[in-house]
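Asks: Have a look at this one before I ask anything.
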Amino acid sequence: MILEPLLPPSPGESVPAPLLTELTALYAANHEFHTLSGDFPDPDDIRPEQVAAALAEEWAHPDVDVLLARGFGRLIGIAITLAHHPDPADPDPWIGLLMVDAPLHGQGHGRRLASLVEDRFRATDRTAVRLAVLANNPKALAFWTALGYEVIDHREDVQLKRPCAVLRKDLTTP
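And the structure:
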């Protein structure tokens, strides 16, 4: 698996159509997650313009990285990270989204993608990473805790006020 940073398009430009098609297919394949999250109005009909708008919203925040995971000659996942949380009392970077193409779930790709994201943070001398899991997503909670993340708080997410568990992983120990 290779991680490729996806830079925001220049003003007046957009994500190239073939890539947007790949990203839309990835998002649409994760119907179960999008049904739980409510991120799209109709999780059965995720459209390229909605994915483009979601990415533009991410890129509007400083310190956001959009990372594409490629393997088998195609897009197999995406990770969106935040180097600095808006709360100055929170010193850790965040994983805002980690999504693998649904037909590939259960094959270790999510674990590998998470590990690559953690390695990127370690390379910049970050000592821990955080993320939030929606309270209505026990599969995601089981995935992240199996990777060594520990629940440190319960609160609503900043954007949509959904109940979440906040997890943290120390990156200084193997």
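Throughout, this note's numbering is defined as the position within the sequence shown, counted from one, plus 45. All residues carry an ideal CB built from backbone N, CA and C; glycine is no exception.
(1) Assign E201 to buried or exposed, taking buried as 16 or more other Cβ atoms, counted over all protein chains shown, within 10 Å of its Cβ.
(2) Could you tell me which residues DSSP pairs with E94 in its beta bridges?
(3) Could you tell me whether the Cβ atoms of L158 and V145 are closer together than 8 Å?
(4) With DSSP collapsed to three states, give me the class of G155.
(5) Out of curiosity, what's the CA-to-CA distance linking L113 and L142?
(6) Cα separation between F117 and E49?
(7) Is the CB-CB distance between I140 and L176 below 8 Å?
(8) Between the stretch 171–186 and the stretch 68–88, do three or more beta carbon pairs fall short of 8 Å?
(9) Alpha carbon to alpha carbon, what distance is there between A168 and L107?
(10) Can you list, in chain order, the stretches of the alpha helix (DSSP H) that have 4 or more residues and sit fully within the stretch 95–177?
(11) Note the first and the last residue of the continuous alpha helix (DSSP H) segment covering E67.
(12) Looking only at DSSP bridge pairs, what is E195 linked to?
(13) Spatial neighbours of A73 within its chain, please: CB distance less than 7 Å, with the 5 preceding and 5 following residues excluded, ordered by chain position.
Replies: According to the structure shown:
(1) exposed
(2) BP columns for E94 are empty, so no partner.
(3) yes
(4) helix
(5) 11 Å
(6) 14 Å
(7) yes
(8) yes
(9) Looking at the sequence itself, residue 107 is Pro, so the reference to Leu does not match. Near 20 Å, if we compare the C-alpha coordinates of A168 and P107.
(10) 154–168
(11) A62 to A74
(12) R213
(13) I91
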